[in-house]
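Residue numbers (the numbering used here): 36 to 281.
Comments concern the structure below.
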Ligand code: MN
């Protein structure tokens, strides 16, 4: 059987292709393909797993909130990507595909399943540079960890990472507020922010607030996250009766 195919969500007008995601998937034995507003949800056809990648903010209307005027200038929206991802999450889960959410994708998965977000960390009295390392001076390299995350010991994530605490990078000014029904908090930063979620049951449904694709070359634990995801996609593919995936 050839390599499992991993669909990666990406915007229409991106400054670059998602190289680090594609590299991390390929290094784990997967074959990446892109799902964008140009492909629409049809881009998911033939995929064995869905990776919701990082990017801009989700519109608060998706979790029944207005844009908070106090932080409106910090929020950047890509409406067509929002609409695409809400559809492809549902389609992937209906097909029993493994889903991995990263940064925006972690937030998108939570919102798609009925959870909410904090629109800006300043609303929680948290200085944004703590979780947004581009705003630090000097700015650390993107693979460099800037805070720790405690991992629930009995979680799938702990088994994958082989650790109950990891040090991670951080590029977010928003964060999960209320977890969606069916998702369990399995990673928490020192300040209490939710950094990882998972569905306790199959299929593989897991998300992290940090950027493992930027750490995978330097941190074997983060590479292991991609390996576990690609392995789940391989297992999903071996179960499928969909001729497009055979
Ligand atoms: Mn963080």
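Glycine residues also receive a C-beta, built at the ideal position from the N, C-alpha and C atoms.
{"Asked": "How is residue 120 classed by DSSP in three states: helix, strand or coil?", "Found": "helix"}
{"Asked": "DSSP three-state label for residue 261, please.", "Found": "helix"}
{"Asked": "Between residue 202 and the ligand MN, is there a pair consisting of the residue's CB and a ligand heavy atom that are separated by less than 8 Å?", "Found": "no"}
{"Asked": "Would you mind reading off the limits of the beta strand (DSSP E) that contains residue 207?", "Found": "Unbroken run through residue 207: none, as it is neither H nor E."}
{"Asked": "Enumerated in chain order, which unbroken segments of the alpha helix (DSSP H) with a length of 4 residues or greater are wholly contained in the region 109-154?", "Found": "114-129, 139-147"}
{"Asked": "Is it true that the CB of residue 186 sits closer than 9 Å to the CB of residue 222?", "Found": "yes"}
{"Asked": "Between which residues of its own chain and residue 167 is the CB-CB distance below 7 Å, once the five residues before and five after are set aside?", "Found": "205, 206, 207, 208"}
{"Asked": "With a CB to CB cut of under 6 Å and the five nearest residues on each side skipped, what residues in its chain are close to residue 147?", "Found": "121, 124"}
{"Asked": "Give me the DSSP bridge partner(s) of residue 224.", "Found": "184"}
{"Asked": "Threshold first: 3 residues or longer. Then list the beta strand (DSSP E) segments lying entirely within the region 76-107, N to C.", "Found": "84-87"}
{"Asked": "Just to confirm before moving on: does the CB-CB distance between residue 137 and residue 89 stay below 9 Å?", "Found": "yes"}
{"Asked": "Whose CA, out of 128, 228, 189, 145, lies closest to the CA of residue 162?", "Found": "228"}
{"Asked": "Give me, in chain order, the residues of the same chain whose beta-carbon lies closer than 7 Å to that of residue 180; leave out the 5 immediate sequence neighbours on both sides.", "Found": "202, 203, 204"}
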